[in-house]
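A quick write-up on the structure given underneath.
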Amino acid sequence: MPTYARADVVFERGEGPYLYATDGRRFLDFAAGVAVNALGHAHPYLVEKLTEQAKKLWHTSNLFRVAGQESLGKRLTEVTFADTVFFTNSGAEAWECGAKAVRKYHYDSGNPQKNRIITFEQAFHGRTLGAISAAKQEKLVHGFDPLLDGFDQVPFGDLDAVRAAITPQTGGICIEPIQGEGGIRAGSVEFLRGLRALCDEHGLLLFLDEIQCGMGRTGKLFAHEWAGITPDVMCVAKGIGGGFPLGACLATERAASGMTAGTHGSTYGGNPLATAVGNAVLDVMLAPGFLDSVQQTSATLRGRLEELIAKHPAMFLELRGQGLMLGLKLGQPVGEVVAKLRANGLLSVPAGDNVVRLLPPLNIGEAEVNEAVGILDRTAQECLG
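Each number in my numbering corresponds to the 1-based position in the sequence shown with 20 added.
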């Protein structure tokens, strides 16, 4: 179906932070498949583990135990707030599992009326009917009425608005700690802590969407760690599989108490291939020094981008984000700038609020930072004449 406005380029191979097109052109990939290829392309260790598993077993279904799923689930619970994990194939599926868990928790706790979830303007949680009903962005929902009920939206970052939106029917609050599609808008530490406090005060579940900002993207394994809080439910995907389709819904034992046998399922979710790669990604990300390196590279990139803003204030208006999830608000139309960057050899991702997203592999170095900034500089000069 013609649902994508695709760029006219076909990639035939990738190596580290670079993609190579069929016409011979090389691109520095600061899109990373929209924050998916967290360790770049054709990472030798991931290739080894995927190939190793592919020679043994691909799929058995969740009618049986899956060794890789059990080991990956155990490891995720050991390094996070969670006690239990449900594996999916995508971020939207992980989000749907989380939304169901919130509702089922209250239903089984004797409060079936607490079936509404507070969400935020400019949010993005996926493309399912449930996810677009929660986000309510016009570009997502146009033509798909009637939407699913159960979501009450408030302005991002406005704690008073959240407090005012809480009713006896509210069961949870769902938020991206850093909005990706919404324009790399980060919730402040105070705001995120305030949400946790409101949930505790009113008996609500805090449901975090870390599909894009999780898995090392901000320099910690998960973005909420910077605020020193823990959620009750969290959906993750994208970087968790390093390019292989994988998602997960993490929850505390209490929050997931309603998700009993038969209440939810997935044919492919957590299959041997996906969990083999997921375990390999975790091996790399949990290795000593990896997240420190992400923070160091981020500091270097931020410094260079701030210099670029000072040099081209009419082109680059503001730097947003954290770690290697950064956005530049532009003074030129973002679609045109993304196309010009691509023509100059740098892949990036457009976002709302006229922002260009920079989402490179987490294992880039100073050389790639310098190359990217050089292309941004040259592109700004071309755009401004």
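Just so it is clear, CB atoms sit at the ideal spot from N, CA and C, and this is done for glycine as well.
Under DSSP, Gly191 forms no beta bridge with any residue.
Shown here for Thr42: same chain residues with a beta carbon closer than 6 Å to its own, the five before and five after excluded, namely Val30, Glu32 in chain order. Looking at the backbone, the Cα of Ala154 and that of Gly405 are separated by about 42 Å. A distance below 8 Å separates the beta carbons of Gly343 and Ser318. Here Thr272 really is in contact with Phe101; their C-beta atoms are around 7 Å apart, less than 8 Å.
Taking the C-beta atoms as reference points, Leu311 is found nearer than 8 Å to Lys240. The three-state secondary structure of Pro251, taken from DSSP, is coil.
By the C-beta criterion, the stretch 230-246 is judged not to be in contact with the stretch 60-73, since fewer than 3 inter-stretch pairs fall below 8 Å.
Below 8 Å, enough C-beta pairs join the stretch 177-191 and the stretch 130-145 to call them touching: three or more.
Close CB contacts of Ser91 within its chain, under the 8 Å cut and outside five residues either way in sequence, are with Thr295, Asn299 (chain order). If you keep only unbroken beta strand (DSSP E) runs of at least 3 residues inside the stretch 360-389, you get 369-371, 375-378. Excluding the 5 residues flanking it on each side, Lys120 has same chain C-beta neighbours closer than 7 Å at His284, in chain order. Excluding its 5 nearest sequence neighbours in each direction, Ala371 has C-beta neighbours in its own chain below 8 Å: Gly200, Glu201, Gly202, Gly203, Ile204, Gly347, Val354, Arg377, listed in chain order.
Residue pairing of Met345 in beta bridges, as defined by DSSP: Gln342. Pro381 places its beta carbon less than 8 Å from that of Ala52.
By the CB criterion at 8 Å, Leu96 and Pro292 fall outside the cutoff. Positions of the beta strand (DSSP E) runs, each at least 3 residues long and wholly inside the stretch 27-97, are given as 31-35, 38-41, 46-49 in order along the chain.
Shown here, Gly202 sits in coil according to DSSP, grouped into three states, outside any helix or strand.
For Asp172, the enclosing beta strand (DSSP E) starts and ends at 171-174.
Sixteen is the threshold: since fewer than 16 other Cβ atoms of the shown chains lie within 10 Å of the Cβ of Thr23, the residue is exposed.
CA-to-CA, the gap between Gly170 and Leu325 works out to about 41 Å.
The residue from Ile186, Leu361, Phe84, Arg322 with its alpha-carbon nearest to that of Glu386 is Arg322.
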